[in-house]
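Before any comments, here is the structure.
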Amino acid sequence: MESLKQRRTIRKYQQKDISSDLLNDLLETSFRASTVGNMQVYSVIVTRDADRKARLAPAHFNQPMVKTAPAVLTFCIDLRRFSKWCEQRKAEPGYNNFEWFVTGAVDALLVAQTFCVAAEEKGLGICYLGTTTYTPQMIIEALELPELVFPITTVTVGWPAETPAQVDRLPLEAIVHEETYHDYTPEDIDRLYAYKESLPENKQFIAENNKETLAQVFTDVRYTKKDSEAMSENLWKVMKQQGF
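Note that this note's numbering has the sequence shown beginning at 434, numbered continuously upward.
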């Protein structure tokens, strides 16, 4: 519980390798995560090679930790392995559809988070890369992913070379709903986001981007509607190209 409460994202790593024994133990442990139907419709691509990491970097907007982390783990939806097993056992698979794409994403993300908790408990630091679904085709090409395999999230992992401050989180009442969903009043929104809006670093974001509110930094600068729609269109196209 204490490790979870004190966790923080690590983007700078010591130039110290992670032993194969430790990494494999963490991965094997993470595979005990819940999985739909005990089917394990996921795969993990472990990238240690410097040249291969360099090929991955542009897909992640060249964030430096892709090259500097001793290991980069790409967690993939994988309906290929299970479908091949079905076909070789005289069973007809029907898993090349959107339902199983979502199911595979759930499976893969459960494994990814279980891995991260286990890794942090061993003293390692991790960083999720949300860029994985921005340009999936680049990752598919770099990792040579076949049909029915799709990258859904990426984690860099290594021994921490920094101890950054924890970032803010919304209070419990903002997220937990008792029995049914309780919609938010304008007063609720003001109260629940007051702390986030009061932080000096967030006020600095507003000033640096010449905006009136923190929300405008998100909608107008960081995650625009135009970019989101373009990435959504590309995500759907690449999903189809991968056989879903």
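C-beta: ideal position from N, C-alpha, C; glycine also.
Bear in mind that the values here come from a model prediction, so they are computed numbers and not experimental data.
- Asp-458 and Lys-517 have their C-alpha atoms spaced approximately 27 Å apart.
- The segment 490-538 contains, as complete alpha helix (DSSP H) runs of 4+ residues, the segments 498-501, 513-521 (chain order).
- Around the beta carbon of Asp-621, fewer than 16 other beta carbons lie within 10 angstroms, which makes this residue exposed.
- In the displayed model, Thr-657 falls within coil according to three-state DSSP, outside both helix and strand.
- In terms of CA proximity to Leu-581, Glu-532 leads the group Pro-503, Ser-631, Glu-532.
- Within the model, the alpha-carbon separation for Asp-540 versus Thr-462 is close to 14 Å.
- DSSP places Pro-633 inside the alpha helix (DSSP H), whose first and last residues are 633-641.
- For Val-477, the enclosing beta strand (DSSP E) starts and ends at 475-480.
- Under DSSP, Pro-584 forms a beta bridge with Cys-509.
- The beta carbon of Thr-587 sits closer than 6 Å to the beta carbons of Thr-507, Leu-562, Thr-565 from its chain, once the five residues preceding and following it are set aside; these are given in chain order.
- The continuous stretches of beta strand (DSSP E) do not include Leu-459, which lies in the alpha helix (DSSP H) extending over residues 453-463.
- Here Val-609 carries a coil assignment [DSSP, helix/strand/coil].
- The C-beta of Lys-659 has fewer than 16 other C-beta atoms within 10 Å across all chains shown, which makes the residue exposed.
- Taking Leu-489 as reference, the option from Leu-578, Gly-676, Asn-642, Gln-439 with the minimal CA-CA separation is Leu-578.
- Boundaries of the alpha helix (DSSP H) harbouring Ile-572: 569-576, taken from the DSSP string.
- When the beta-carbon positions are compared, Val-590 and Gly-556 stay at least 9 Å from each other.
- Taken through DSSP and simplified to helix, strand or coil, Leu-603 comes out as coil.
- Looking from the CA of Thr-536, the closest CA among Cys-509, Ser-661, Arg-444, Glu-595 belongs to Cys-509.
- The continuous alpha helix (DSSP H) containing Leu-437 extends over residues 435-438.
- In the assembly as shown, Tyr-528 is a buried residue. Its beta-carbon has 16 or more other beta-carbons within 10 Å.
- Between the alpha carbons of Gln-473 and Thr-547 lies a distance of about 14 Å.
- The beta-carbon distance between Met-434 and Ala-492, rounded to whole angstroms, is 35 Å. This is too long to meet the 8 Å contact definition.
- Residue pairing from DSSP leaves Thr-646 without any beta-bridge partner.
- Annotation: Trp-592 to Ala-538 spans about 27 Å, alpha carbon to alpha carbon.
- Counting only the Cα atoms, Glu-525 lies some 46 Å from Tyr-446.
- Approximately 7 Å separates the beta-carbon atoms of Ile-573 and Gln-675; this is inside 8 Å, confirming the contact.
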